[in-house]
Each structure stands twice: as structure tokens, then as C-alpha cells.
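Residue numbers (the numbering used here): 137 to 421.
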């Protein structure tokens, strides 16, 4: 069971979750021979806790699914779920057709709706080892934090440096970006949470999310080529804000956080958001 410990001076909280130390780590050993067994691949359903939800065909705990949801075996909090993006081990949002991304977003919405009364619902994805993924097969997670815990989370930033705009959404690089080439997607409609999104909104959001990630992939390739970063795969995180005036925040992991940031709580962004938006807009996707 998770334990929440407050800092009495700052009112910030720490989650004590010893179960997390037992997490697997297979990102170093993905090979053509697949010398390990991926618990998220079809045929290995018995390697995960019993599924909560699936989209697609097939019997429960059997292959045939398109998206699969089950409890996290190594939870941070008492309610912690895994959403496997697809049955493909090496395909993710940048590769999917838009219909599949819409299905994935609909699962996010469903899990959000299911747990809204249980606490703050956090939906997030870590893509790549450098972004904190312990398993290579693309997946997201749903974590529920008790309502009485004060979350030290960002709220929606003013819309500046727009990459894309349509009748329903903005894609932009906020002036307050803490990470280089950070991208946010926010609905124009104010005062709503993610659970209230419509199917039409999810359809449009699917394309925005995919295009944003594709732009960031290409930007990473450009930076890696210039700086000779070698073969370190591109990594990124994204999450959906838990409260009213929701947004999706996409963080490309182009830099490491070091002693200055950890010691001061200040973020150093080496890419001006205004320039970042112009550069990303100029990328052909």
C-alpha cells in the first residue's frame, strides 16, 4: 500500500512506494531474437494481472485485443493501471493510423471517467528508457491520487507560440516551457476536464497528438545529427492534466536535469519557446 508523506513547510507530498523497486527493465535487451518475454505482447497475457478492459476481439486474457488494460503489478498508489497501446511491440502513436489513436484516447477517457470519484486521475505515458519506461512495449499508465493530497502540478499556460489551431484546439509552445521544444495541446473550451471530451474532439485530438510527436521525432533527429548524439533513441513523456481546463503536455527528453535544477527547483530551457514553435512549424511531416 502506498504511503503519502507531507513536507510540513512547503505542503508538498512524497509517495512512498516500495513495490516499485521490483519493476522489470527490458529496454536494454530488445533484440531480433527476443531473448526475453515481453509481458505486454499477444500470447503472454498470463504474465500480467487479470485484465480490466480490452478493445478488440478474442476472449479475456487471450490474444485478439487491440488495446488492453490491467492493474500495474508494481503500483505507485492503490489504484494504478497499465494501458497497452497496441499488440505491436515496436509501434506507437507516431506509427498508428488515426482511428487507432482515437481508440486509445477513448480508453484514456473511459478510465478517467471510471476513477474520477476515487481521486485525482493522472494519465501519462513514458516512451523510451530515458523517459522512465521500464518496458519497451508502448504503454500508458493511470494513477489515482487521493483527493486530499495537494498536487504540485502546473495549470494551463496562456496560449502563445501556436503550432496549430482549429475550431476546437490549440497546439503551442508555452512561454513558460520548462523543457526544450515542450509542446502543449489544449482545448479552446474552458472549464472542462478530460472526462467530458466528445468523440468528435477525440478524433481531432488524435491527429494533433500524432503530428506533434512526429515533429518532435524529426527535431530530435536533426539535433542528434548536429551534435553527434549517437544511437540513443528518442524519448518523451506526455500526460493529461487531471483537473479543470485540461491539456496534454508533451515533453521531449532532449536534455538531462542536473544539480542546478535539483538544488534550486528552477528549470533551465536552452530553447526559446518562440523559436521552438517556429522550428517545429517548419518541419515537414
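Where a beta carbon is used, it is the ideal one built from N, C-alpha and C, also for glycine.
Bridge partner(s) assigned by DSSP for residue i
| i | result |
| --- | --- |
| residue 185 | Paired residues: none, contrary to the question. |
| residue 192 | 201 |
| residue 256 | 281 |
| residue 275 | 220 |
| residue 261 | 276 and 374 |
| residue 176 | In DSSP, residue 176 forms no bridge with anything. |
| residue 139 | 152 |
Exposed unless 16 or more other CB atoms sit within 10 angstroms - verdict on residue i
| i | result |
| --- | --- |
| residue 368 | exposed |
| residue 219 | buried |
| residue 256 | buried |
| residue 371 | buried |
| residue 294 | exposed |
| residue 150 | exposed |
| residue 152 | exposed |
| residue 265 | buried |
| residue 410 | exposed |
| residue 148 | exposed |
| residue 318 | buried |
| residue 286 | exposed |
| residue 283 | exposed |
| residue 164 | Here the model assigns residue 164 a pLDDT of 42, short of 50, so the residue's position is not dependable and the matter cannot be decided. |
| residue 205 | buried |
| residue 176 | buried |
| residue 269 | buried |
| residue 274 | buried |
| residue 392 | exposed |
| residue 361 | exposed |
Residue nearest to residue i in terms of C-alpha spacing, selected from the options
| i | options | result |
| --- | --- | --- |
| residue 228 | 291, 347 and 180 | 347 |
| residue 385 | 192, 394, 220 and 373 | 373 |
| residue 303 | 179, 344 and 236 | 344 |
| residue 242 | 230, 203, 232 and 270 | 203 |
| residue 416 | 354, 381, 389 and 397 | 354 |
| residue 322 | 342, 155 and 314 | 342 |
| residue 288 | 275, 146, 402 and 185 | 146 |
| residue 201 | 207, 208 and 193 | 193 |
| residue 333 | 305, 358 and 315 | 305 |
| residue 414 | 395, 298 and 191 | 298 |
Close-in-space but distant-in-sequence residues of the same chain around residue i (CB under 7 Å, 5 per side omitted)
| i | result |
| --- | --- |
| residue 252 | 331 |
| residue 312 | 293 |
| residue 267 | 371, 372, 373 and 389 |
Close Cβ partners of residue i (< 8 Å) along its chain, the five nearest in sequence each way excluded
| i | result |
| --- | --- |
| residue 375 | 258, 259, 260, 261, 384 and 385 |
| residue 280 | 213, 214, 215, 216, 251, 254, 255, 256, 257 and 258 |
| residue 421 | 347, 350, 351 and 354 |
| residue 173 | 180 and 183 |
| residue 382 | 292, 322, 323, 328, 329, 330 and 376 |
Other residues of its chain near residue i: CB distance less than 6 Å, five sequence neighbours each side excluded
| i | result |
| --- | --- |
| residue 278 | 217, 247 and 259 |
| residue 378 | 256, 257 and 258 |
| residue 412 | 309 and 317 |
| residue 199 | 178 and 179 |
query: What residue ranges within the stretch 376-402 form continuous beta strand (DSSP E) runs of no fewer than 3 residues, ordered along the chain?
result: 384-388
- prompt: Which runs of the beta strand (DSSP E), 3 residues or longer, sit entirely within the stretch 198-242?
  reply: 201-207 and 215-220
query: Considering only residues of the stretch 282-363, which uninterrupted beta strand (DSSP E) runs meet the minimum length of 3 residues and lie entirely inside it, listed in chain order?
result: 298-301, 305-308 and 319-323
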